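Same order as they appear, the protein sequences are chains A and B. Going from the first sequence to the numbering used here is simple: count from 1 and add 681. Going from the second sequence to the numbering used here is simple: count from 1 and add 665. Okay, structure first, notes after.
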Amino acid sequence: MKAQFQHNLTSAFFMWFDNFLLTKGEAYTNTTGEFFYYDDTLIDSRYTAFGSPYKQWVTDSSIAGATVPTGVFINGNLSGRADGVVLDFDNGRALISGASTTDTVTGSFAVKDFNVYFTNDTEDDLITENKYVVNSRVPSGPYTYITPYDDVAPAIFLAASNLENKPFAFGGMVDTVVNMKAVILSDDPYKLDGALSIFGDSVNEGVEPIPMTGYPYTELGDLKDDSYNYTNVKNGYSEEVPFYIKSVRTSKLSDRARKALANELYIGFIDFEVEQHRYRFS
Amino acid sequence: MARLPLDVQQAIKRQAPRLLKKDFKREVEKRFKKIKNQMISDFLQDQITMEIMGGPNSPNISGTLDGVTNLFAFIGFDEGDQPITPILTLLEETNIQFSKLNTASNRQTGMEFKVNLPTPEQVFAVTPLPWASGRSWAQGIERGLSGLGYLLRKKKGRSGAAIQSRVKVRGGRFKNRPYISAFLRKYKIKFEDLK
Chain A
682 MKAQFQHNLT SAFFMWFDNF LLTKGEAYTN TTGEFFYYDD TLIDSRYTAF GSPYKQWVTD
742 SSIAGATVPT GVFINGNLSG RADGVVLDFD NGRALISGAS TTDTVTGSFA VKDFNVYFTN
802 DTEDDLITEN KYVVNSRVPS GPYTYITPYD DVAPAIFLAA SNLENKPFAF GGMVDTVVNM
862 KAVILSDDPY KLDGALSIFG DSVNEGVEPI PMTGYPYTEL GDLKDDSYNY TNVKNGYSEE
922 VPFYIKSVRT SKLSDRARKA LANELYIGFI DFEVEQHRYR FS
Chain B
666 MARLPLDVQQ AIKRQAPRLL KKDFKREVEK RFKKIKNQMI SDFLQDQITM EIMGGPNSPN
726 ISGTLDGVTN LFAFIGFDEG DQPITPILTL LEETNIQFSK LNTASNRQTG MEFKVNLPTP
786 EQVFAVTPLP WASGRSWAQG IERGLSGLGY LLRKKKGRSG AAIQSRVKVR GGRFKNRPYI
846 SAFLRKYKIK FEDLK
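Structural data, given as structure tokens:
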């Protein structure tokens with residue numbers, strides 16, 4: 682099936698959300714450190730996995746001050762993509778072709794304060810199933826790699842819910858309103874309040890309609906064109922009708938309800954109404 | 666047809682509003698009260714309203730949960746909570762305001778009035794979810810509700826009927842349906858017909 686409105690909205694919203702949080706909140710920490718070898722049977726056998734203690738790393742070069750890695754140091758020598766290094770930003774690791782498991786790998790990167798995921802899980806599952814490992818951004822030893830693939834907290838989970846089309850103008854133009862939801866799982870109430878405040882203020886923002894083809898990641902978590910700059914990508918779509926953040930409502934799980942949870946996470950919700958005037962099937 | 670002399674026309678325009686005012690007002694007020702009473706009665710007979718007013722032991726008469734538990738428990742209210750009361754208060758506050766006769770400027774006989782009916786946003790503002798006060802359960806009825814309140818309640822074991830159920834209720838099981846927005850839209854039209 683070719684990409685439809687909902688697909689394009691989802692990817693555009695995801696990219697905007699990540700950039701907005703990193704830009705407005707400077708919600709990242711630059712880090713330098715050792716990577717740790719581990720066996721990962723799910724990847725191609727030519728690669729050796731070396732994981733950092735943190736995931737997800739910042740990929741967006743438009744974030745001022747954030748270190749976006751282009752390679753890692755293998756036994757003290759910088760190796761980049763041309764040398765067979767794949768940077769898996771999502772899992773916070775380097776996949777190195779032809780490396781020895783005893784190599785010393787180090788690197789610098791910016792880790793996000795909140796991982797951002799798109800999900801189909803319900804709020805109930807996200808909050809009560811208690812399946813998230815907390816990948817604290819506060820340095821504490823002993824350091825080791827963070828297990829790949831599983832979602833970790835602190836994190837923000839995005840999901841699209843209702844879509845409603847209403848007649849808007851002659852010729853078949855409709856006013857499309859989509860409800861987008863975000864569930865925030867934070868290890869710290871300060872960060873939770875910060876994220877809620879940033880997105881509470883996002884009302885009236887425009888979101889450039891970057892289609893799915895503009896999504897910057899490969900299946901290995903690296904960048905399609907070796908770099909990604911949200912500002913440059915969105916400028917390529919500045920002539921298109923943007924999505925519009927029509928309303929935003931933020932809230933927090935009450936303290937009384939939070940005490941019923943088995944974890945120590947602080948939980949918040951953001952409910953967006955995203956609007957676009959468009960023709961159906963466009 | 667013969668036209669009335671200009672001075673007679675002007676005299677009618679000048680005097681009719683004053684003479685007819687009482688009758689108009691009385692009639693409009695009577696019809697307003699009738700619609701308002703009908704509105705409150707309709708609201709109280711809505712299946713969602715009745716189910717929530719029924720408290721933790723109410724059957725799922727709205728059918729929004731396939732008969733598993735009920736809205737009061739699913740949303741996560743405490744026994745004794747009266748979540749419908751704030752909506753009812755807003756509906757009770759619906760009133761009609763008559764403004765000054767304005768015949769000189771628009772050259773019409775009649776009177777102006779305005780009906781102050783609550784907006785959906787006003788209702789959503791007074792219907793917070795018990796576990797996240799920034800969200801409205803009434804809006805959730807229309808757009809979808811997660812079963813979080815129910816699950817938290819089960820874990821905490823605070824409730825009456827909610828903890829009795831052994832059936833796992835998930836957000837996906839809730840079927841949303843029109844509620845406050847459609848209801849107020851319907852009565853907005855009825856009040857506009859007073860004209």
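Here a beta-carbon is modelled for each residue, glycine too, at the ideal position from N, C-alpha and C. Source: prediction; values computed, not measured.
Tell me which residues share the same chain as residue i and place their Cβ nearer than 6 angstroms to its Cβ, disregarding the 5 neighbours each side in the sequence.
i: Asp771(A); result: Gln737 and Gly902
i: Val791(B); result: Pro751
i: Thr759(B); result: Lys701 and Leu782
i: Ser720(B); result: Here residue 720(B) is Gly; the residue named in the question, Ser, does not match the sequence. Within the same chain, Gly720(B) has close Cβ partners Phe737.
i: Thr751(A); result: Gly761
i: Asn725(B); result: Gly732 and Asn735
i: Gly706(A); result: Gly875 and Ile879
i: Asp952(A); result: Lys862 and Arg930
i: Arg799(A); result: Checking the displayed sequence, the identity of residue 799(A) turns out to be Phe instead of Arg. Closer than 6 angstroms at Cβ, skipping near neighbours: Phe695 and Leu839.
i: Ile837(A); result: Phe795, Val797, Ala863 and Ile865
Show which residues of chain A have a CB atom less than 8 angstroms away from the CB atom of residue i.
i: Gly799(B); result: Arg930, Thr931, Ser932, Lys933 and Phe950
i: Arg808(B); result: Ser842, Asn843 and Asn860
Output, in chain order, the set of chain B residues within a Cβ distance shorter than 7 angstroms of residue i.
i: Ile808(A); result: Leu813
Strictly below 7 angstroms CB to CB, what residues from chain A border residue i?
i: Trp796(B); result: Leu934, Ser935 and Ala938
Tell me the DSSP secondary structure of residue i in three-state form.
i: Val819(A); result: coil
i: Val955(A); result: strand
i: Thr754(B); result: helix
i: Ile749(B); result: coil
i: Gly949(A); result: strand
i: Val922(A); result: coil
i: Leu816(B); result: helix
i: Gln685(A); result: coil
i: Ala840(A); result: strand
i: Ser928(A); result: strand
i: Phe778(B); result: strand
i: Glu744(B); result: coil
i: Tyr960(A); result: strand
i: Asn846(A); result: strand
i: Phe689(B); result: helix
i: Ser764(B); result: strand
i: Asp936(A); result: helix
i: Asp769(A); result: strand
i: Asp858(B); result: coil
i: Lys840(B); result: coil
i: Asn944(A); result: coil
i: Ala826(B); result: Bear in mind that the predicted position of Ala826(B) carries a pLDDT of just 39, short of 50, making it too unreliable to give a figure here.
Can you list, in chain order, the residues of its chain with a C-beta nearer than 7 angstroms to that of residue i? Leave out the 5 residues immediately preceding and following it.
i: Glu954(A); result: Val858, Asn860, Lys927 and Ser928
i: Pro870(A); result: Tyr947
i: Ile713(B); result: Ser727, Leu736, Ile806 and Tyr844
i: Asp907(A); result: Arg762
i: Ser842(A); result: Asn860 and Lys862
i: Ile846(B); result: Note on identity: in this sequence residue 846(B) is Ser, with Ile being the wrong assignment. Once the five neighbours on either side are set aside, the close Cβ partners of Ser846(B) are Pro785 and Glu807.
i: Gln762(B); result: Phe778, Lys779 and Asn781
In chain order, what residues of the same chain lie with their CB nearer than 8 angstroms to the CB of residue i, ignoring the 5 residues before and after it?
i: Pro793(B); result: Gly799, Arg800, Ser801 and Trp802
i: Phe855(A); result: Reading off the sequence shown, one finds Val at residue 855(A), where the question assumed Phe. Hits under 8 angstroms: Asn846, Lys847, Pro848, Phe849, His958, Arg959, Tyr960 and Arg961.
i: Val753(A); result: Phe716, Phe731, Leu759, Ser760, Val766, Leu768, Ala775, Ile777, Val786, Thr787 and Gly788
i: Val834(B); result: With a pLDDT of 47 at Val834(B), under the threshold of 50, the modelled position of this residue cannot be trusted; read the value that follows with caution. Closer than 8 angstroms at the Cβ level, and outside the excluded window around Val834(B), lie Leu730, Val733, Thr734, Phe739, Gly812, Tyr815 and Leu816.
i: Arg838(B); result: Leu730, Asp731, Val733 and Gly812
i: Glu644(A); result: Any answer about residue 644(A) is impossible in this case: the structure gives chain A only from 682 up to 963.
Exercise. Along the chain, which unbroken stretches of the alpha helix (DSSP H) at least 4 residues long are found entirely within the segment 693–734 of chain B?
Worked result: 712–718
Near-chain A residues of the segment 691–702 of chain B (beta-carbon distance less than 8 angstroms), N- to C-terminal order:
none
Notebook entry, point to check: Which residues, in order along the segment 838–852 of chain A, keep a beta-carbon less than 7 angstroms from a beta-carbon of chain B?
Noted result: Ser842 and Asn843
Practice task
Can you check the segment 850–912 of chain A for any beta strand (DSSP E) of at least 3 residues that lies completely inside it and give the ranges in chain order?
Solution key: 854–867
Of all the beta strand (DSSP E) runs that stay within the bounds of the segment 700–764 of chain A, which reach a length of 3 or more residues? 709–719, 728–732, 752–755 and 758–761
### Residues in the segment 840–856 of chain B having any Cβ partner in chain A nearer than 7 angstroms
none
Quiz item: Any residues in the segment 858–869 of chain A with a beta carbon nearer than 7 angstroms to a beta carbon of chain B? Which ones, in chain order?
Solution: Asn860
Query - Segments assigned beta strand (DSSP E), at least 3 residues, entirely inside the segment 773–837 of chain A - result: 774–778, 786–793 and 796–799
> Which residue spans inside the segment 779–809 of chain B form an unbroken alpha helix (DSSP H) run of at least 4?
Replying inline: 785–790 and 802–808
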